[in-house]
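Protein sequences appear in the order of chains Z and S. Residues in the first sequence are numbered consecutively from 0, following numbering that gives the first Met the number 0. Residues in the second sequence are numbered consecutively from 0, following numbering that gives the first Met the number 0. We treat Cβ as the ideally placed atom computed from N, Cα and C, and that holds for glycine.
Number of protein chains: 2
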Amino acid sequence: MAVYQHNTRILVALDCIIFGFDGESLKLLLIKRNFEPEYGKWSLMGGFLNDGEDLEEAAGRILYNLTGLRNNYLEQLQTFGTVYRDPVERTISVVYYSLVNIADQDVAAIQAHNASWISLDSKPALIFDHDQMVTVALQRLRYKAALHPIGFELLPSKFTVPQLQKLYEAIYGTQLDRRNFSRKIMATDLLLSTGEKDTNSVTKKGQLYTLNSDRYRKYLDGYYTFLPELAELSGT
Amino acid sequence: MAVYQHNTRILVALDCIIFGFDGESLKLLLIKRNFEPEYGKWSLMGGFLNDGEDLEEAAGRILYNLTGLRNNYLEQLQTFGTVYRDPVERTISVVYYSLVNIADQDVAAIQAHNASWISLDSKPALIFDHDQMVTVALQRLRYKAALHPIGFELLPSKFTVPQLQKLYEAIYGTQLDRRNFSRKIMATDLLLSTGEKDTNSVTKKGQLYTLNSDRYRKYLDGYYTFLPELAELSGT
DNA sequence: CAAAAACGTGTGTTTTTGACACAATTCTAG
DNA sequence: CTAGAATTGTGTCAAAAACACACGTTTTTG
Numbered sequence: 000m001a002v003y004q005h006n007t008r009i010l011v012a013l014d015c016i017i018f019g020f021d022g023e024s025l026k027l028l029l030i031k032r033n034f035e036p037e038y039g040k041w042s043l044m045g046g047f048l049n050d051g052e053d054l055e056e057a058a059g060r061i062l063y064n065l066t067g068l069r070n071n072y073l074e075q076l077q078t079f080g081t082v083y084r085d086p087v088e089r090t091i092s093v094v095y096y097s098l099v100n101i102a103d104q105d106v107a108a109i110q111a112h113n114a115s116w117i118s119l120d121s122k123p124a125l126i127f128d129h130d131q132m133v134t135v136a137l138q139r140l141r142y143k144a145a146l147h148p149i150g151f152e153l154l155p156s157k158f159t160v161p162q163l164q165k166l167y168e169a170i171y172g173t174q175l176d177r178r179n180f181s182r183k184i185m186a187t188d189l190l191l192s193t194g195e196k197d198t199n200s201v202t203k204k205g206q207l208y209t210l211n212s213d214r215y216r217k218y219l220d221g222y223y224t225f226l227p228e229l230a231e232l233s234g235t
Numbered sequence: 000m001a002v003y004q005h006n007t008r009i010l011v012a013l014d015c016i017i018f019g020f021d022g023e024s025l026k027l028l029l030i031k032r033n034f035e036p037e038y039g040k041w042s043l044m045g046g047f048l049n050d051g052e053d054l055e056e057a058a059g060r061i062l063y064n065l066t067g068l069r070n071n072y073l074e075q076l077q078t079f080g081t082v083y084r085d086p087v088e089r090t091i092s093v094v095y096y097s098l099v100n101i102a103d104q105d106v107a108a109i110q111a112h113n114a115s116w117i118s119l120d121s122k123p124a125l126i127f128d129h130d131q132m133v134t135v136a137l138q139r140l141r142y143k144a145a146l147h148p149i150g151f152e153l154l155p156s157k158f159t160v161p162q163l164q165k166l167y168e169a170i171y172g173t174q175l176d177r178r179n180f181s182r183k184i185m186a187t188d189l190l191l192s193t194g195e196k197d198t199n200s201v202t203k204k205g206q207l208y209t210l211n212s213d214r215y216r217k218y219l220d221g222y223y224t225f226l227p228e229l230a231e232l233s234g235t
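Next comes the structure, spelled out in structure tokens:
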């Protein structure tokens, strides 16, 4: 087999940023490392690209190992490649982010990896450039969720409108008007009524909806400003 | 120096998608290869990541070699990493896209690389997965240009509103209403009047504006729907 | 059974969009 | 040197969307 001459081959890692939502706050699945390097510190879940493995496939494998979940929302975020980002050896890292329904997790797999769900508010410092990765991922999540209905990926298959609103409020760290939010979401025709009510609620039980997946796919292609009030320019 | 054991090191390439605008149509700077592999075929400008070189730095180097330009708009698009994308040897490619003012190019450097500006409409087939890269880049450009004022990067420092409109029409392949477009752009306060007029125009000479760079930077952070009519869902 | 908490729907005002009219500038043809 | 064609600049108005609030309903708790 022919090869390219005179060019350095380097390590290719993958890191996964795994978002979840517990009904109150946005969470990350992080690992307290019980292995080297950086034993004892917190990091993202990661691994190396194998021979004969596509990038997307490798990201899926890493996600599956940790959560037991397949077919989640998984999107390439960005590749990080400054020279000394990994002090052990030069390594570039292709970072993916994933949105999972926290209820579907494989608790045993998570414990086996010494991982836990941490609120973004109380996130510890992470190794290498993983903090920067999380920052970029959160930006991307905010960006995409304002224009595409990907928030549903973080909710159970049946959910109420107020739950969805709490999710958006957690993602953006703001308060939204309940009535306008409801009208906006309903206008998309993305929700299918199940007729059931949320039995977990303490007070009035909200109506449970499921996602209209045909319409969902269409909304992923185009874009729709779900939350115009979030478009505000940061500097003004 | 410690190293990670048992993991394959692979080649990391970079490819650059270089967009330009000639006043009529959106163009790509493509290379007719006079070197192996795939001698004689068309491809993107690319290269390999060097030791001691950041990814962003490498992309900038490749762009500079071809165009003689630095400090252009340069953004990482995505990393392509299916196993057999390069038949010579497994290689992942970190792809960047760049927006350049076509008037600033270094003609000698471009000729030396056997490159030319090709309209997107008449783009030849490219090697490997470069066609797919271009498709993704165009999607990204359309996405970003609808929400951030990055179109200006493709224009000369002084430009008229009709020129800007022609650019948007080329990016999206549609016709826009002149009067509504003007109102929308003016409302952003992004344009600074120079008092001069466009002497190249054949008929009525339009007013030349420059970009208000302070406001420009703010618009890059947040988002603003420059062209709401482009939000239409592809499937409906 | 009264109060508190959360849910669901409605209404009016303001802002933005989208469609279109008209006047002004500049070159060219006769 | 003037009429007409092409293009640029500004304005108007109706419809749609966004925004700010009001009110009634459901359910648990004390």
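Cβ of residue i within 8 Å of any chain Z Cβ
| i | result |
| --- | --- |
| S/G172 | no |
| S/T187 | no |
| S/T235 | Per-residue confidence for S/T235 stands at a pLDDT of 35, beneath the threshold of 50, marking its modelled position as unreliable; the derived number appears in the next sentence. Yes, its Cβ sits closer than 8 Å to a Cβ of chain Z. |
| S/I61 | no |
| S/F151 | no |
| S/G221 | yes |
| S/L190 | no |
| S/F18 | no |
| S/G45 | no |
| S/T224 | yes |
Any chain S beta carbon closer than 8 Å to residue i
| i | result |
| --- | --- |
| Z/A136 | no |
| Z/R32 | no |
| Z/N6 | yes |
| Z/D50 | yes |
| Z/Q131 | no |
| Z/D14 | no |
| Z/I9 | yes |
| Z/D103 | no |
| Z/A230 | yes |
| Z/D128 | no |
| Z/Y72 | no |
Where residue i falls, given that 16 or more other Cβ within 10 Å makes a residue buried
| i | result |
| --- | --- |
| S/A12 | buried |
| S/V201 | exposed |
| Z/A114 | buried |
| S/K196 | exposed |
| Z/E35 | exposed |
| S/T90 | buried |
| S/L189 | buried |
| Z/L54 | buried |
| Z/Y38 | exposed |
| S/A57 | buried |
| S/A186 | exposed |
| Z/L48 | buried |
| Z/L140 | buried |
| S/L62 | buried |
| Z/A144 | buried |
Whether residue i touches residue j by CB criterion (8 Å)
| i | j | result |
| --- | --- | --- |
| S/L98 | S/I149 | yes |
| S/G67 | S/D105 | yes |
| S/T198 | Z/V93 | no |
| Z/T222 | S/A230 | Before going further, note that residue 222 of chain Z is Tyr rather than Thr in the sequence given. Yes, the Cβ-Cβ distance between Z/Y222 and S/A230 is below 8 Å. |
| Z/N100 | Z/L28 | no |
| S/L226 | S/F158 | no |
| Z/E52 | S/V82 | yes |
| S/E194 | S/V160 | Checking the displayed sequence, the identity of residue 194 of chain S turns out to be Gly instead of Glu. Against a cut-off of 8 Å, the Cβ pair of S/V160 and S/G194 comes out as no contact. |
| S/T173 | Z/D50 | no |
Candidates the options: closest to residue i by CA position
| i | options | result |
| --- | --- | --- |
| S/N64 | S/G221, S/Q110, S/L25 and S/V160 | S/Q110 |
| Z/L76 | Z/L137, Z/Y223 and Z/A144 | Z/L137 |
| Z/L25 | Z/L163, Z/K217, Z/D50 and Z/F127 | Z/L163 |
| S/A124 | S/S42, S/R69 and S/L48 | S/S42 |
| S/M132 | S/V87, S/Y142 and S/Y95 | S/Y95 |
| Z/A169 | Z/Q4, Z/E23 and Z/R182 | Z/E23 |
| Z/H129 | Z/I30, Z/T7 and Z/N6 | Z/I30 |
| S/E88 | Z/R182, Z/K183, Z/A186 and Z/Y3 | Z/Y3 |
| Z/K183 | Z/E228, Z/K203 and Z/K143 | Z/E228 |
| Z/S156 | Z/H5, Z/D220, Z/K122 and Z/S192 | Z/S192 |
Distance between beta carbons of residue j and residue i, contact taken as under 8 Å
| i | j | result |
| --- | --- | --- |
| S/L248 | S/F20 | No information on residue 248 of chain S is available, as it lies outside the stretch 0 to 235 that chain S covers here. |
| S/Y9 | S/M44 | Residue identity differs from the one stated: residue 9 of chain S is Ile in this sequence, not Tyr. 21 Å between Cβ atoms; not a contact. |
| Z/F151 | Z/D85 | Not quite, the Cβ-Cβ distance comes to about 35 Å (not below 8 Å), so this is no contact. |
| Z/L175 | Z/T224 | Not really, about 14 Å apart at Cβ, beyond 8 Å. |
| S/R69 | S/G59 | 7 Å |
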